[in-house]
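Chains as they are written, first to last, in numbering that gives the first Met the number 0: chain A, 0 to 355; chain B, 0 to 240; chain C, 0 to 286.
All C-beta atoms, glycine included, are put in the ideal place defined by N, C-alpha and C.
All of these numbers come straight from a predicted model, not from anything done at the bench.
All remarks here apply to the structure that follows.
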Amino acid sequence: MSTSTSPAPDQMHQDELDATAYRLPGWEKYLGWAYLAAFIVAAIVLLWLPMNAKAYTVTLTLTVLLVLTLSTSWNWLSGFAGYTSFATAGFFGIGSYIGALLLYYEKVTWIPAVFLAGAGCFVIALLVGIPTLRLRGPYFAIAMLAFSELSRVIVLSWDSLTLGGNGVYLPILRLQRPGENETFWEEIQRTFHNNQNYYAMLALAAVACIWSYVVGTSRWGLKLLSIRDDEVAAESMGIRTTYVKATTFAGSAIFPGMAGAIYARHVGYIDPVTVFAIIWTIRAITTTIFGGRGTILGPIVGAVVLTLVSEKVWEQDPNLYQVIYGAIIILVVLFMPGGLTSLLQRYNILPRSRRI
Amino acid sequence: MSQSAVATDIILEVRNVSKRFGGIQAVNDASLGIERGKVTGVIGPNGSGKSTMFNLITGLETPDSGQIIYKGENIAGKAPHVINRMGMGRTFQLTRLFGTMTVLENLTVITTDSFQGAEELAEKLLANLGLTRLKNEYAANLSYGQQKLVEFLRLSMIESDLILLDEPFAGVNPVMEKKLLEQIDMWVKEGKTVLLTDHEMAIMMELCESIYVFDYGSVIAHGTPQEVRENPRVMEAYFGS
Amino acid sequence: MDIVQVVISGILLGGVYALFAAGLNLIFGVMKIINLGHGELMMLGAYMTFFLFTSWNINPLLSIPITAVAMAALGWLLQFALVERVVNQPMINSLLLTFGMSTLMMGVALNLWTSNFRSVVYSPLTGSWNVFGIAFSKSRLVAFIIAMIVTGAMWTFLKQSTFGKSIRATSQHPQVAQLCGIDVRQVRFMTFALGSAMAAVAGALISIIFTISPQMGHMFIGKGFAIIVLGGLGSFIGAFLGAIVLGVSETLTAYFTDTQIAQGVAYLILLLVLVIRPSGFFGKAED
Numbered sequence: 000m001s002t003s004t005s006p007a008p009d010q011m012h013q014d015e016l017d018a019t020a021y022r023l024p025g026w027e028k029y030l031g032w033a034y035l036a037a038f039i040v041a042a043i044v045l046l047w048l049p050m051n052a053k054a055y056t057v058t059l060t061l062t063v064l065l066v067l068t069l070s071t072s073w074n075w076l077s078g079f080a081g082y083t084s085f086a087t088a089g090f091f092g093i094g095s096y097i098g099a100l101l102l103y104y105e106k107v108t109w110i111p112a113v114f115l116a117g118a119g120c121f122v123i124a125l126l127v128g129i130p131t132l133r134l135r136g137p138y139f140a141i142a143m144l145a146f147s148e149l150s151r152v153i154v155l156s157w158d159s160l161t162l163g164g165n166g167v168y169l170p171i172l173r174l175q176r177p178g179e180n181e182t183f184w185e186e187i188q189r190t191f192h193n194n195q196n197y198y199a200m201l202a203l204a205a206v207a208c209i210w211s212y213v214v215g216t217s218r219w220g221l222k223l224l225s226i227r228d229d230e231v232a233a234e235s236m237g238i239r240t241t242y243v244k245a246t247t248f249a250g251s252a253i254f255p256g257m258a259g260a261i262y263a264r265h266v267g268y269i270d271p272v273t274v275f276a277i278i279w280t281i282r283a284i285t286t287t288i289f290g291g292r293g294t295i296l297g298p299i300v301g302a303v304v305l306t307l308v309s310e311k312v313w314e315q316d317p318n319l320y321q322v323i324y325g326a327i328i329i330l331v332v333l334f335m336p337g338g339l340t341s342l343l344q345r346y347n348i349l350p351r352s353r354r355i
Numbered sequence: 000m001s002q003s004a005v006a007t008d009i010i011l012e013v014r015n016v017s018k019r020f021g022g023i024q025a026v027n028d029a030s031l032g033i034e035r036g037k038v039t040g041v042i043g044p045n046g047s048g049k050s051t052m053f054n055l056i057t058g059l060e061t062p063d064s065g066q067i068i069y070k071g072e073n074i075a076g077k078a079p080h081v082i083n084r085m086g087m088g089r090t091f092q093l094t095r096l097f098g099t100m101t102v103l104e105n106l107t108v109i110t111t112d113s114f115q116g117a118e119e120l121a122e123k124l125l126a127n128l129g130l131t132r133l134k135n136e137y138a139a140n141l142s143y144g145q146q147k148l149v150e151f152l153r154l155s156m157i158e159s160d161l162i163l164l165d166e167p168f169a170g171v172n173p174v175m176e177k178k179l180l181e182q183i184d185m186w187v188k189e190g191k192t193v194l195l196t197d198h199e200m201a202i203m204m205e206l207c208e209s210i211y212v213f214d215y216g217s218v219i220a221h222g223t224p225q226e227v228r229e230n231p232r233v234m235e236a237y238f239g240s
Numbered sequence: 000m001d002i003v004q005v006v007i008s009g010i011l012l013g014g015v016y017a018l019f020a021a022g023l024n025l026i027f028g029v030m031k032i033i034n035l036g037h038g039e040l041m042m043l044g045a046y047m048t049f050f051l052f053t054s055w056n057i058n059p060l061l062s063i064p065i066t067a068v069a070m071a072a073l074g075w076l077l078q079f080a081l082v083e084r085v086v087n088q089p090m091i092n093s094l095l096l097t098f099g100m101s102t103l104m105m106g107v108a109l110n111l112w113t114s115n116f117r118s119v120v121y122s123p124l125t126g127s128w129n130v131f132g133i134a135f136s137k138s139r140l141v142a143f144i145i146a147m148i149v150t151g152a153m154w155t156f157l158k159q160s161t162f163g164k165s166i167r168a169t170s171q172h173p174q175v176a177q178l179c180g181i182d183v184r185q186v187r188f189m190t191f192a193l194g195s196a197m198a199a200v201a202g203a204l205i206s207i208i209f210t211i212s213p214q215m216g217h218m219f220i221g222k223g224f225a226i227i228v229l230g231g232l233g234s235f236i237g238a239f240l241g242a243i244v245l246g247v248s249e250t251l252t253a254y255f256t257d258t259q260i261a262q263g264v265a266y267l268i269l270l271l272v273l274v275i276r277p278s279g280f281f282g283k284a285e286d
């Protein structure tokens with residue numbers, strides 16, 4: 000009766016269904032426990048790290064945690080929802096400056112400064128995001144690029160507030176020296192004090208990872224995926240796409256914002272060129288797509304692997320790693336669009352679950 | 000020759016709606032009155048404006064002029080998800096499921112009630128059609144007919160009072176067709192209103208209680224299948240004079 | 000009089016911007032690809048001019064054909080190795096790919112040439128000519144003229160020549176063009192090569208006006224997008240008008256405030272146009 004050719008025969012026979020495409024839902028329950036175990040182990044190791052490690056190692060780990068925060072938060076809007084954003088550097092810079100200036104003008108202590116940096120970025124992201132998220136993917140990306148650069152110019156020019164190109168110097172953390180007959184408890188307290196920036200970044204990264212798990216396993220995450228898969232259909236099915244996108248964008252902006260503020264305090268000096276540099280966006284994007292965008296583990300794996308590799312192997316040549324990152328982006332887009340996680344899934348090293 | 004206007008409940012009224020795309024007048028001063036609880040069909044040659052009309056009703060397009068009154072409210076220009084939440088569901092000509100999600104996820108993502116409740120409802124609906132074993136299959140792996148069925152099921156996930164079906168029988172074999180017709184039957188029994196468009200004339204004539212005929216963006220005929228079949232203008236539109 | 004001078008200066012600069020944007024527009028029109036690496040292609044053209052001038056004493060104006068051909072070849076190569084592969088994929092993939100290209104090229108440049116600023120000091124073009132009491136910066140005027148010549152040549156080529164028509168046909172309807180016997184693959188290769196050459200020539204011209212650095216591409220891509228979005232994506236005339244508008248806006252802003260702020264004008268325009276009227280203001284939206 001039908002005149003058009005049917006795309007596929009639609010007899011519903013068991014044997015015709017490809018068994019390998021099935022996800023095995025049974026053991027997915029264990030995945031959650033596996034993540035929890037890994038998280039606890041990592042938390043213990045990382046909390047203990049400054050007690051025994053050299054300052055160099057601690058700083059390196061801080062950098063890894065920083066990139067991890069940037070990549071996981073980038074992944075929510077750009078991986079799950081499919082709206083590639085180039086705004087990371089913008090929010091990193093804005094957060095750095097909000098945090099640094101609050102400290103510079105001695106308005107608050109550092110912890111509130113970090114939170115305020117996050118809050119400020121949230122608000123700005125809403126203001127910027129609502130009009131621009133209406134645009135289609137590539138145009139949104141360009142708009143975010145413009146936003147990041149415009150932020151830099153504004154910070155650079157508004158020197159009465161931001162000290163412009165001179166940058167902002169922040170007081171260096173005064174390290175506590177071990178006293179005589181220091182007890183173990185006192186040693187812990189001293190370590191905690193001396194590495195407070197590290198612990199702040201650790202906390203931030205931990206929250207980002209937890210939130211990634213929540214996104215990846217919840218219906219909210221499904222809504223993001225539906226926007227990526229077919230935004231028109233999603234809207235037609237009743238999903239409030241603008242609301243979902245805007246809140247995801249604003250929520251994700253909090254993290255580079257707070258990371259920027261912690262970074263500012265950690266290095267003690269920031270200027271517009273450094274904190275608004277495109278390299279922050281490049282790192283977020285490269286590590287996430289390398290690891291696998293739209294997955295829980297992808298940005299984490301990518302951030303850890305690439306940051307360690309780039310810091311260790313190429314620290315002699317700071318510009319070489321930009322070359323490597325560029326090459327990685329190209330290679331991933333052309334040959335490995337699903338990233339490392341999809342590669343591992345194809346070879347059955349990682350389970351084929353969307354909860355990965 | 001149109002049906003005499005008996006005082007029936009009109010759930011959707013399209014009043015003099017027009018839509019132009021660049022140089023093309025896709026919909027030209029069209030008016031429709033869809034009665035609650037009935038199956039109404041829209042037919043017309045390709046390019047006659049049927050799909051655009053659907054898009055205008057469901058909010059994917061905004062009319063240049065005219066009103067679209069749904070349940071007493073003018074919904075012209077409202078966002079698609081708002082219209083959907085008012086109890087209007089639709090399917091698409093080419094199935095638009097979320098490919099990287101499973102069938103179960105495709106069904107549960109759209110509801111707002113609890114995850115638990117959504118999953119239970121979804122499983123029940125799948126069981127009704129004998130599709131339970133597909134529930135964890137990625138939507139992109141389903142056959143075309145299976146996708147069509149799942150799209151239909153999506154409409155049952157939210158309380159839809161008016162269901163728009165865009166060429167539901169295209170490319171579908173007799174077995175699947177029977178299942179789709181059963182589903183439509185069930186909806187009508189539940190008191191829902193169905194508005195559909197398709198090229199399968201035999202089915203449309205059999206299924207619909209009222210038919211609108213489109214040509215070049217305008218409504219050229221309206222009536223029972225019998226009246227429409229005998230209307231010379233309709234023959235002209237489809238076959239030329 | 001001052002303002003007039005500033006505006007003229009802006010128009011002259013706009014001419015060079017127009018050349019840069021035209022290449023970007025061409026690539027987008029034909030392949031629907033947003034070339035984020037366009038700025039780096041310009042940068043490479045600028046550096047090529049610089050090195051030909053400082054190492055081999057080649058006149059920076061006379062070296063333009065050399066630069067154009069060399070960069071066209073590079074563009075052809077990039078298309079062959081990279082861009083061609085993402086042609087029929089969703090736009091976002093080409094966006095990321097060209098972003099990777101941009102990152103890579105900038106990284107290579109930083110590595111080879113350091114981030115220091117260089118300048119092409121070509122003495123016959125320093126200073127300005129005085130015409131009716133208005134000072135025309137020599138370098139800007141000459142750059143403008145050359146940019147107009149090249150852009151004009153490109154315009155004529157697109158309108159009149161057979162291959163130009165193939166390019167236009169492909170940008171309007173790639174499938175139909177193929178049915179008419181046009182080798183769209185060849186068209187794409189040539190388009191990217193031409194676009195790259197245009198960017199490079201724009202870079203050569205910029206190098207005689209401003210100082211250059213590996214980061215300059217980054218600044219110009221923002222300008223490029225501001226222009227084509229302002230003028231309407233795909234519209235040649237629109238891009239030209241948009242370029243002039245940008246050039247004048249920048250110089251006026253720099254005049255009333257400072258050059259730092261002027262650099263932000265392009266980004267502001269880009270954001271505002273995207274939010275208010277994404278289809279652009281001048282040309283027809285062929286989006």
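Per DSSP, Ser70/A is one residue of the alpha helix (DSSP H) stretching across 54-74.
Of the candidates Pro298/A, Pro170/A, Leu343/A, Leu339/A, Pro298/A places its Cα closest to the Cα of Gly215/A.
For Glu230/A, none of the residues of chain C pass the 8 Å Cβ criterion, the least Cβ distance being about 13 Å. Among the residues facing chain C, Glu148/A is included, as its CB has a counterpart in that chain under 7 Å away. At a C-beta separation below 8 Å, Arg84/C has these neighbours in chain A: Leu333. When Cβ-Cβ separations below 7 Å define contact, Met90/C makes contact with chain A.
Per DSSP, reduced to three states, the secondary structure at Leu96/B is coil, with no helix or strand assignment. The shortest C-alpha to C-alpha distance from Leu46/A to any of Leu203/A, Tyr34/A, Thr71/A is the one to Leu203/A.
Excluding residues up to 5 positions away in sequence, Lys222, Ser225, Ile226, Thr240 lie with their Cβ nearer than 8 Å to the Cβ of Ala233/A in the same chain. The alpha carbon of Ser127/C has as its nearest neighbour, out of Val264/C, Gln259/C, Gln262/C, Gln4/C, the alpha carbon of Gln4/C.
Residue pairing by DSSP places Ile68/B opposite Glu12/B, Asn73/B in a beta bridge.
Shown in chain order are the members of the segment 19-33 of chain C whose Cβ falls below 8 Å from a Cβ of chain A: Ile33.
Taking the CA atoms as reference points, Trp157/A sits about 12 Å from Asp257/C.
Among the bridge pairs identified by DSSP, Thr192/B is matched with Leu161/B.
Boundaries for Asp229/A: no beta strand (DSSP E) harbours it, while the alpha helix (DSSP H) harbouring it runs 218-235, taken from the DSSP string. By the Cβ-count criterion, Ala42/A is exposed, with fewer than 16 other Cβ atoms from all chains shown falling within 10 Å of its own Cβ.
Here Ala134/C is bridged, per DSSP, to Asn129/C. Under DSSP, Arg89/B forms a beta bridge with Leu163/B. In the structure shown, Glu34/B adopts extended strand secondary structure according to DSSP, grouped into three states.
The beta carbons of Tyr211/B and His221/B sit closer together than 7 Å. Counting along the chain, Phe248/A sits inside the alpha helix (DSSP H) bounded by residues 240-266. Within the segment 94-105 of chain C, the residues whose Cβ lies closer than 8 Å to some Cβ of chain A are Leu94, Leu95, Leu96, Phe98, Gly99, Met100, Ser101, Thr102, Leu103, Met104, Met105, listed in chain order. Shortest Cα-Cα distance from Trp154/C to any of Phe143/C, Gln177/C, Arg167/C involves Arg167/C.
Taking the C-beta atoms as reference points, Val26/B is found no nearer than 7 Å to Val13/B.
Neighbours of Asn83/B across chain A, judged by C-beta separation under 9 Å: Glu234, Ser235, Met236, Gly237, Ile238.
Shown here, Tyr121/C sits in coil according to DSSP, grouped into three states, outside any helix or strand. Per DSSP, His221/B is not a residue of any alpha helix (DSSP H); the beta strand (DSSP E) it occupies stretches across 217-222. Rounded to the nearest whole angstrom, the C-alpha separation of Arg282/A and Gly221/C is 20 Å.
Taking a Cβ-Cβ threshold of 9 Å, the residues of chain A close to Ile260/C are Val152, Ile153, Leu155, Ser156, in chain order. Shown here for Lys49/B: same chain residues with a beta carbon closer than 6 Å to its own, the five before and five after excluded, namely Val41, Gly43, Thr196, Phe213 in chain order. For the segment 212-223 of chain C, the set of residues with a beta-carbon nearer than 7 Å to any beta-carbon of chain A comprises His217, Gly221, in chain order.
Proximity of chain A to Met203/B at the Cβ level (cut-off 9 Å) is not reached, the minimal Cβ distance being about 12 Å. Look at Ser195/C here: in three-state DSSP terms it is helix.
Here Arg264/A is actually not in contact with Gly338/A; their C-beta atoms are around 32 Å apart, not less than 8 Å. Secondary structure at Thr256/C: coil, using DSSP grouped into helix, strand and coil.
Listed in chain order, the non-local C-beta contacts of Ile171/A below 6 Å within the same chain comprise Gly267, local neighbours out to five positions each way being set aside.
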